Amino acid sequence: MTVQEGGCLCGAVRIRIEGEPIFAGACYCRACQRVAGGAAAYAIAYPKEAVTVTKGETRTVTVKADSGSDVYREFCPDCGVHLISHNSGNPNFRAIKVGVLDDPSEFKSQGSIWTASAQPWHRVDSDLPAWDGNPDPRPTAS
Ligand SMILES: [Zn+2]
């Protein structure tokens, strides 16, 4: 079983991931652009039970997604870095921002999602599948 650890910028929040990913990709939705500083957000979705907060506590902001779901974005209350997101449409997964992993080098994108919101200057990976919205079929947590 793969075990990874990660944390926010200031170190107040630490997370641990034990399990295999459901989906890994780049999200171009406008909310992710705001959080990621303009770029797509690179994220890996895991089954809910794979992700635990091992130090500190996150705060959660709830944002309505383009899909109509509520997206719960968990961030460090001290430094503001977003670590975990999940949503009402698919409550069995937790998506981790790749940048918070201690070793993000193993990330392999399986595709781009919400490319309908991509900016003209984004470079959506043309070698991988791309979806205007959520991936179809939706990856599911078992
Ligand atoms: Zn922090």
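Be aware that the sequence shown starts at 0, since it is given in numbering that gives the first Met the number 0, and climbs by one per residue. Ideal Cβ placement from N, Cα and C applies to all residues, glycine included. For clarity, every value in this text was computed on a predicted model and none was experimentally measured.
Check: Please give the ranges of any beta strand (DSSP E) in the segment 17-79, keeping only runs that are unbroken, at least 3 residues long and fully inside the region.; Outcome: 22-26, 40-46, 50-54, 58-63 and 69-74
Check: Identify whether Ala169 lies in helix, strand or coil by the three-state DSSP scheme.; Outcome: Limits of the chain in this structure are 0 at one end and 141 at the other, which puts residue 169 out of reach.
Check: Is the closest heavy atom of ligand 1 to the C-beta of Val52 under 8 Å?; Outcome: no
Check: Taking 6 Å as the limit between beta carbons, can you name the residues of its chain near Gly18, skipping five residues before and five after?; Outcome: Tyr45, Pro46 and Ala49
Check: Is the distance from the Cβ of Ala11 to the Cβ of Lys54 below 9 Å?; Outcome: yes
Check: Since His121 and Ala39 should fall inside the 8 Å C-beta cutoff, what is the C-beta to C-beta distance between them, to a whole number of angstroms?; Outcome: 7 Å
Check: Within the same chain, show all residues whose beta-carbon is closer than 7 Å to that of Pro76, passing over the 5 residues directly before and after it, in chain order.; Outcome: Arg58
Check: Thinking C-beta only, is Ser104 closer than 9 Å to Asn86?; Outcome: no
Check: Please list, following the chain, all residues that have a C-beta closer than 6 Å to any non-hydrogen atom of ligand 1.; Outcome: Cys7, Leu8, Cys9, Ala11, Val12, Cys75, Asp77, Cys78 and Val80
Check: Which residue or residues does DSSP assign as beta-bridge partners of Phe92?; Outcome: Pro46
Check: Anyone know if the C-beta pair for Arg15 and Gln3 falls short of 9 Å?; Outcome: yes
Check: If the criterion is Cβ atoms closer than 9 Å, does the pair Trp113 and Asp102 meet it?; Outcome: no
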